[in-house]
Each structure stands twice: as structure tokens, then as C-alpha cells.
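Asks:
There are 2 protein chains.
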Amino acid sequence: MLSKQMIQLFENISGVENVQYSTASLLAYSYDATANFQALPDLIIAPRNTSEVSQIVKLCSTHNIPIVPRGSGTNLSAGTTPTSGGVVLLFKNMNKIIELDEENMTITVQPGVITKAVSDVVEQKGLFYPPDPSSRKISTIGGNLSENSGGLRGLKYGVTKDYVMALEAVLPNGDIIRTGGKLAKDVAGYDLTSLFVGSEGTLAIITEATLKLIPKPIYQETILSLFRTIEEAAETVSAILAAKIIPTTLEFMDKGTLEAVEDYSKIGLPVNCEAVLLIEQDGAQETVQQDIDKIYEICAQHGAINVSKAKTEEEAEQLKTARRDALSALARLRPTLILEDATVPRSKIPQMVHAIKRIADKYNVTIRTFGHAGDGNLHPTCLTDIRDEEEMERVEKAFEEIFQASIDLGGTITGEHGVGEMKAEYLEWKIGEAGMSVMKAIKQGLDPKNIMNPGKIFAKATKKRMVVHNG
Amino acid sequence: MLSKQMIQLFENISGVENVQYSTASLLAYSYDATANFQALPDLIIAPRNTSEVSQIVKLCSTHNIPIVPRGSGTNLSAGTTPTSGGVVLLFKNMNKIIELDEENMTITVQPGVITKAVSDVVEQKGLFYPPDPSSRKISTIGGNLSENSGGLRGLKYGVTKDYVMALEAVLPNGDIIRTGGKLAKDVAGYDLTSLFVGSEGTLAIITEATLKLIPKPIYQETILSLFRTIEEAAETVSAILAAKIIPTTLEFMDKGTLEAVEDYSKIGLPVNCEAVLLIEQDGAQETVQQDIDKIYEICAQHGAINVSKAKTEEEAEQLKTARRDALSALARLRPTLILEDATVPRSKIPQMVHAIKRIADKYNVTIRTFGHAGDGNLHPTCLTDIRDEEEMERVEKAFEEIFQASIDLGGTITGEHGVGEMKAEYLEWKIGEAGMSVMKAIKQGLDPKNIMNPGKIFAKATKKRMVVHNG
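Protein sequence lines, in the order shown, are assigned to chains L and R.
Heads up: the first sequence begins at 1 in our numbering, then just goes up one per residue.
Heads up: the second sequence begins at 1001 in our numbering, then just goes up one per residue.
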């Protein structure tokens, strides 16, 4: 609880109208899209500019008040849940596109801008901002930056980090820092831009970003390919890449996901198969057509029961939207949905899909899997009910075993959703003691008072790895 | 000076045959490719594996002995000059290609592998490692990683960092850390891979790296375009990019560089012009041909006096080799050559080229300029003589003013050569006090004893910015 006096100090900075602390408001910002994490903040503030952010941080620093920056709350690892209370920072007043620089192919934006708004604006100029997290219609650039969001185009175009050229950020002591520039190359000291992107609000508050753009691909084609077995789908993925084709999108859905998506979107997706690949290529028309022809052939060679090409742009968009809505579609099936994003080297996808199936059976939980097959980034999604404690225990054990399987296959505990609070206990499994000590040294060096999104990334204790006997 | 006893401890780790301390050896490793920096190390060690590196680092840590990791010594910012003495680490015994993984499109190498050897090996499999620093025939991957090397293909393909997926490194306390993985996406904590790449040996000793590969472009064309004025060349660069074409290579040479290069390479380069652009495009044949036709047209529209296409692959390679040899060519003209790499947003190239000319005139020094025009990464190169103190003072002032001009245009003090010891005094001009404090906190957190390449990146004092009156 903050004192009336303290609240007034915050109001003096950002104006009474931008500070909330009613019970309804505090409740509204007590959770994000992650199941099973909730905690009340003490105050919600929506600063109007960088200077206000700096003043707020200084005040928080002086009084040891935690700060949780928050975009649209689509976070899936409890990264924006205010589990230590404190101040939730909103960016609804810092949502401007500052500059679109066509000559240097950059766009400079405030953190509150919606991801899709950036894409739309630049595409009107023949430019392209590739990162496209599934939540892009509501997620903010600030959230994408904090989480280093991925998306459906990661295979060919990379993730958010690959498009960040410069940042303005407020440090834990309130100082304002500028990193990078509109520069294709810059090696002036440590790469702080890459350090801050994906740091989940634990090192600095990003207040402005300059993003790299590329020319918009002029042509694209999308195909959908159905398979009798998951192996066939996985082998097709490998074969496409072995043919030296890097599609823009190479998405996988299992039967269960496909059924839910069709039931939700009603676009006439075929469901009489065990696995489906949604494949998109973009670029120059001739190249795309050649690639798609070859992909078509590869799908057929690997036992596809049906391969169909989207006939119009609308049809292609419909397919991609259906895939992006997988999460919403699955969410309707049971009260609670827990989405994971264990990621493995792409050659290990068949093993990983099998491991997930085996683990789901072992713990008798319902897991449906979809994800970015080309990236090795799968989203095993558990349909459950947090009110059922006994089931939740089994769910937790199943996910622990999925993390272990992923790491044993050379993978990671999170490909694009972040560590947040949800996976903090497992981080050491991936990065080891030495990795933890380096990350802690950085955190301690920059944020000695631990006011920046405390509890995220760094857990109080690391989970012990289970001894798993797979007979 | 290390005691006999101490030297023996190092010999116990890596074997007598891998430890050198004769005066000749110490002299041989007392400098790199940077003019005007020289200092004797105490010992040269060539460890045979990561475990030995770890033991060496532990020993150095215990006894506060500086460690300078060194590739082939092509560094241009005194990054590998042992200015604090100590141990120079060589990687000639750690020069193996560990694995080429075609399915995941990665190559895992030790730091001592020559850059070009990596390119050659992967190209035989239809794969491609894009980073191509001009020194690639002799530079090592370890050096490229420490410096985040750029090269001629940066515009389209990015720099070394964009191709590093995983690292093994030895921390300042001797612990071995592994970052990343063969993973297209990984957000498990802070991006230590990006932090270590480009950290110039000040945070960790990289002992292994997994590099990302892409399919080898199947076709390429190269053209050379001559211009009467630098403005015309610069406008051509802007016009090509405005046409939404991103060439692989978009290199600039001024008349003085061109003359030196022709004199060196004798391949019949035309020298009757003020500026030349070397432009390469790669990809699918149809796309490349379309792009090159359009580029041809744009060059003509912007006043090119001559545009010629390389007729064979050999001819194209000859042109690129000539450009890569610019440094060697210029080095023959006067006793000392100082190469800079101030980098600006690409739209600012004309202003930057003019600023360089004006500054060279003002201080009466000879500067020739070439570089990566598409990246805004210019290499103003001063031909001088370090034995002439009075001239060297003017040279230093000229470079200071070039750094200022670059920063005033939104640029940086170094695009691809690193800060090293040479530019440490200027780093704060680019990144500000807040940037310095963050970088120092990271350095202090990881290397509290300051044994890792001390004196690099961080200077004892920052240069005061001159008050420049440009009338």
C-alpha cells in the first residue's frame, strides 16, 4: 500500500488523470494472459513522456517501489503480473509513431504503439516490418521489445531483436540512455540494444525505439498441406529446408489444434488428418512460384494426403489468421489454457513432438501442439482447469518434463514467450550456474535495488531437475 | 615481468612448446594492425582446448595478470595490443571446424579457424556464411566475434553478430559458460551471445561458436559505375535503395583510393573519375538480372560516366578483391596509414564525405575515403608518417573532428573496427555518460579484477569535445 502522500507525488508527475488506484483498476492490472498468476499492484500510472518516466523511476528508486512496465498484457509467462506489488506503468499516452524515415528505412515509435499499426503504416510506403507475433492486433511494440517477440515469419526474417536499431530507455536510477542509431553497423562498446531487448523490463524501461524496415516483398503464396502422421509433416519440414528453400512461414498444427481452429474460424479447414503444415513464401513472383512448386512436390513426396494453394490473398490471409487464432480457439475448450514454447533445433522436431505426446499420456493431461515448425518453436498447449488442484499438479509435472525433454534435445525453455515469473525457476536448467551468475551480475550492476520488474527472470530458487525414467 | 616460477605454471597447463617468452616472440605480439600502439606482453600462450583456457584464466585471475586474446592481429583499433602487458592468448591450436550441421544449417568452430575457411567449407555444401571482413583471408573467426566484424555484404546480410547462434566462453573467473543453441528463437534470459560478440575480449574468452548459415545464393552479378562527382555517387546510392533494391554490396571509393587500388592490382580499373561504386546483387537469376538492369538505369540517370558489368565470375571476383585490397594498396603510399570507420545513417553520406574533405583540408592531411556506402560505413584513411610528430598532431585533430562530425550526423565513432584502445577516449561522445555507466557496471560485474583485455573500450579519461567553428 502506498500512502496518500506518496500517491500525490506520482500524481504531481503525470497528472491526477493518469494515475489510478481504485480496487477495480488494481484488479484489472493484477494479471496478464498467463494462467495461475495474479497479484495486486499499488498504483497504475500512464506517463505522458520520457521525462515523466524518468521522474517516476527516480521516485520509485528513492522509495524502493517495484515498477512493472506493461503493454497490452498479452504476456504468457507472467512477465507483467505485479507479483511484488508496486507501480504498473502503462504506455497508452506514449503511443505515437514519431518518424517514418523512408530514406534510411527506419520507423521510430513510442512503446505504446500497436504492433499491427506499425506494419500497416510502413506497408503503405512499400516497406515491411517483419516481426508478427500472433497477438499483433493488440500487442504493443513496447511489449514486443521487452519480450523479444517472435511470430510466424521468424524462420526467414528473424525476431523483434533483429529489427531494433536504436533505443531510448530509462535506467533504474532514472537516467535516460540512448543506444544504437540509424546505423547498419555500430560497434561502439557493448551491444546494449540487444541486452535491453528481451530483458523483460528488468533492466530498463524502453521509451522509444527505432526499428529497421526492409522492402515489402511484392508477391506471396500460401499452401496448406495435410499429413496422415506427424512424422511425415516433420520430414517434410526438413526436406523443404534441405532443398535450400527458406519459406517465410512454416507452421505446424496437430489434429486437436486443427479441429479447435476450424470450430472457431469455420473457414472449412479439412480435419481428416493428423498434422497440417501451413507454408508461405514471399519475394519476387518467379522465385516464389518456383519455391512453391518445389514445396508442393516435396509435400507430395512425403505422403501429404492433400496440398492446396490459397487462390486469393483473402484466402491466404484467412489461413494465417486461423493459425494466429489457435490460442483463442483452444481457449474455448476448457476453463484454463497453459501455453508453452519449448524450442528445439529444428531437426529435433519429430522427437520433441513425440516426447510431448508421451509426457501428456504419462500424466494423463490434454496437450495440443501447434507452432513454428521451421524454427523448432512448438507451442504444446495444455487444456486444463486451475480449480482442479490435483490435475494442476499433473500439468505442472508434465511441463517440467517437457522442459527437460527440450533441453536434452539441445533446446531451450522458451523460444519467444520469455521467462517471466512462470519459468524463472527453470532458467538455470538452460543456462547453467555460470549463465545465472553472469545474468545476476548484470542485473545487480544495473538495478542494485531490484526495483525493475522484480521476481521476473530471476527466481528465489531453482527447481531441482526430476530424475525421469523413460522405459 | 613474470617470474620463472609463474611461467612454469603456465607451461604446466599448455605444455612448454605452447608457451613463448623470447624477446623476439614478445616483440612479434607487441602490436597489431593499428599504427602508433605498441607494448610488450609478458608471455604468449597457445592453449590446446577450452579446459586449458579456463586454467590459464584462473591462474591469471589469482595473480592479477592481464589477458589479451588475439586472432591474426588484423585489428585496427589497437584491440589486441597488450598495452598493459600480461598474457597474449593465441588460438593456433584451437583452429578446428567441429561440426557442419546441414540439417540445422549451422557450423560449429573453434576461434582459431580462418574466416575464409568457414566460407569455403560451407559453400561446398550449397550453404553460405555471409560475413566477409576484408581481412577474411587471414582473420580468424575468434577475432571476428570479438570485434563483431562487418564487411562488404553487410547491407543485405548484416554483420558477424547476426550469424552467431551459440557460444562457449571462459569467464574472467575461469568458469565455462554456454550461451544460445542451434535455435532460431531463444529468449531464456539476457542475450549473452550478443553481449559477448563485439565485447573485444573484455568480458570473456570465446572458445567455440555455432554460426548460422543460409542457402548459398545461386547467381550474382557485379557492376562498376563511375561518377564525375561524389554527390552523384551518393545520390545513386540513395536512389537504388529508394527503388527498394537492397544490393549485396554497395561499395564506394574516391579517386585517390581508386588510383592506389589500380596501381596495386593492375586490373585496368578506370581512374578518370571522382568516385566509383562497386555494386553486387545476388539471389535467384531473374531477380538479380532485374535488379541489376534497374541499378544500371539508376546509375545512368544520376550521371554515371560509365557503367560496366563484370562479364565473368573471375572478373567480378577481381573487382571485389581489388576493393578488399584497398587498405594494402593505400599502405604503400606513405609510411603510416590510419584507417577510420566513422559510420553515419546512409542518408548522410554526402554530408559526411564533404565533412571529411573539409577537415582534411583544414588540417592539411592526406585522407582518402572508401567504404561501405550502403551501410553509411566509410573508411577515411589517412596517409601519414608516425615519425613526424607535428603532422601526427594534425592527424589526430583531424580524426577527432571526423568523429564529431559523424556523431553530429547521428553516426558512431566505429562501425566495424571496434573501440579498442585507440577510440576508448571517444566512446562517451557516442554513448553518453549513462551509456558509459551501464557498460562499466557490466564490465565491473563480470570482471571485477579487470584482467580481461584491460584498457580496451574503457579509457582512463574521456576526451573533451573540441569547440569547432566551421565558418
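Each residue gets a CB set at the ideal place from its N, CA and C atoms; glycine is no exception.
Owing to the predicted nature of the structure, the values given are computational and were not obtained by experimental measurement.
Could you compute how far the alpha carbon of Tyr363 of chain L sits from the alpha carbon of Lys255 of chain L?
Replies: C-alpha separation (whole angstroms): 20 Å.
Asks: Out of L:Asn64, L:Glu235, L:Glu17 and L:Glu168, state which residue places its alpha-carbon closest to the alpha-carbon of Val53 of chain L.
Replies: Of L:Asn64, L:Glu235, L:Glu17 and L:Glu168, the residue nearest in Cα terms is L:Glu168.
Asks: Note down, in chain order, every chain L residue with its Cβ under 9 Å from the Cβ of Thr1287 of chain R.
Replies: Gly283, Ala284, Glu286 and Thr287
Asks: Counting only the same chain and skipping the five closest in sequence on each side, list residues whose C-beta sits under 7 Å from that of Asn470 of chain L.
Replies: Because the pLDDT of Asn470 of chain L is 44, which lies under 50, any placement of that residue in the model is unreliable, and the number read from its coordinates should be weighed accordingly. Cβ neighbours of Asn470 of chain L beyond the five flanking positions: none.
Asks: With distances taken from CA atoms, which of R:Ala1459, R:Ala1461 and R:Asn1453 is nearest Ser1146 of chain R?
Replies: Of the residues R:Ala1459, R:Ala1461 and R:Asn1453, the one whose Cα lies closest to the Cα of Ser1146 of chain R is R:Asn1453.
Asks: Hey, how far is the Cα of His1063 of chain R from the Cα of Ala184 of chain L?
Replies: 41 Å
Asks: Touch check for the region 217-232 of chain L and the region 131-140 of chain L: three-plus C-beta pairs under 8 Å?
Replies: These segments do not touch.
Asks: Quick check on the DSSP output: the beta strand (DSSP E) that includes Tyr219 of chain L runs from which residue to which?
Replies: Tyr219 to Phe227
Asks: Closest Cβ-Cβ distance between Tyr29 of chain L and chain R: below 9 Å?
Replies: no
Asks: If I follow the unbroken beta strand (DSSP E) through Glu1200 of chain R, where does it start and stop?
Replies: Looking at the DSSP string, Glu1200 of chain R is not in any beta strand (DSSP E), and its letter there is neither H nor E.
Asks: What would DSSP say about Thr1034 of chain R, mapped onto helix, strand or coil?
Replies: coil
Asks: Give, in chain order, every residue of the region 91-123 of chain L whose Cβ lies closer than 9 Å to some Cβ of chain R.
Replies: Asp101, Glu102, Glu103, Asn104, Met105 and Thr106
Asks: Which term fits Glu421 of chain L, buried or exposed, when burial requires 16 or more other beta carbons within 10 angstroms of its beta carbon?
Replies: Per the 10 Å Cβ criterion, buried.
Asks: Could you name the residues of chain R that Val419 of chain L contacts, counting a contact when the two beta carbons are closer than 8 Å?
Replies: Val1187, Ala1188 and Gly1189
Asks: Give me the chain L residues within the contact set of Ile1246 of chain R, using Cβ-Cβ distance strictly less than 8 Å, ordered along the chain.
Replies: Result: Ile214 and Pro215.
Asks: Since Asn1148 of chain R meets chain L, which of its residues come closer than 8 Å, beta carbon to beta carbon?
Replies: Val187 and Asp191
Asks: Quick one: what does DSSP say Asp1132 of chain R is sitting in, helix, strand or coil?
Replies: coil
Asks: Is there a Cβ from chain R that is less than 9 Å from the Cβ of Asp32 of chain L?
Replies: Taking Cβ atoms only, chain R never reaches closer than 9 Å to Asp32 of chain L, which makes this a no.
Asks: Tell me the DSSP secondary structure of Glu1280 of chain R in three-state form.
Replies: strand
Asks: Say whether chain L places a C-beta atom closer than 9 Å to the C-beta of Arg1346 of chain R.
Replies: yes
Asks: With distance defined between alpha-carbon atoms, name the residue in R:Thr1108, R:Asn1012 and R:Val1353 nearest to Ala1209 of chain R.
Replies: For Ala1209 of chain R, the nearest C-alpha among the options comes from R:Thr1108.
Asks: For a test of the three-state rule: what should DSSP assign to Thr1462 of chain R, helix, strand or coil?
Replies: coil
Asks: Considering just the uninterrupted stretch of the beta strand (DSSP E) at Phe252 of chain L, what are its terminal residues?
Replies: Thr249 to Asp254
Asks: By how many angstroms is the C-alpha of Thr1106 of chain R removed from the C-alpha of His1372 of chain R?
Replies: 27 Å
Asks: Using beta-carbon positions only, say whether Val68 of chain L and Thr50 of chain L come within less than 9 Å of one another.
Replies: no
Asks: Can you tell me whether Ser61 of chain L is buried or exposed? The criterion is at least 16 other CB atoms within 10 Å of its CB, across all chains shown.
Replies: buried
Asks: Who are the Cβ neighbours of Leu1427 of chain R in its own chain at under 6 Å, not counting the five residues just before and after it?
Replies: Val1419
Asks: Kindly provide the ranges of any beta strand (DSSP E) runs that are 3 or more residues long and lie completely inside the region 296-346 of chain L, ordered along the chain.
Replies: 304-309 and 336-339
Asks: Restricting to Cα atoms, I'd like to know which of L:Ile205, L:Met439 and L:Lys212 is closest to Ser119 of chain L.
Replies: Ranked by Cα distance from Ser119 of chain L, the options L:Ile205, L:Met439 and L:Lys212 are led by L:Lys212.
Asks: Can you tell me whether Ile1431 of chain R is helix, strand or coil according to DSSP?
Replies: helix
Asks: Are Val113 of chain L and Thr140 of chain L close, meaning C-beta to C-beta below 9 Å?
Replies: In terms of Cβ geometry, Val113 of chain L and Thr140 of chain L form a close pair [threshold 9 Å].
Asks: Below 8 Å, is the gap between the Cβ of Val1276 of chain R and the nearest heavy atom of the ligand MN?
Replies: What this structure holds is no ligand at all, so the ligand MN is not there to describe.
Asks: Do Val1261 of chain R and Ala1326 of chain R come within 9 Å of each other at the CB atom, strictly closer than that value?
Replies: yes
Asks: Is the beta carbon of Ala1322 of chain R less than 9 Å from the beta carbon of Leu1269 of chain R?
Replies: yes
Asks: Count Cβ pairs between the region 159-174 of chain L and the region 184-204 of chain L that sit closer than 8 Å; are there 3 or more?
Replies: yes
Asks: Where DSSP assigns a beta bridge to Ala1275 of chain R, which residues make up the other side?
Replies: R:Phe1227 and R:Asp1254
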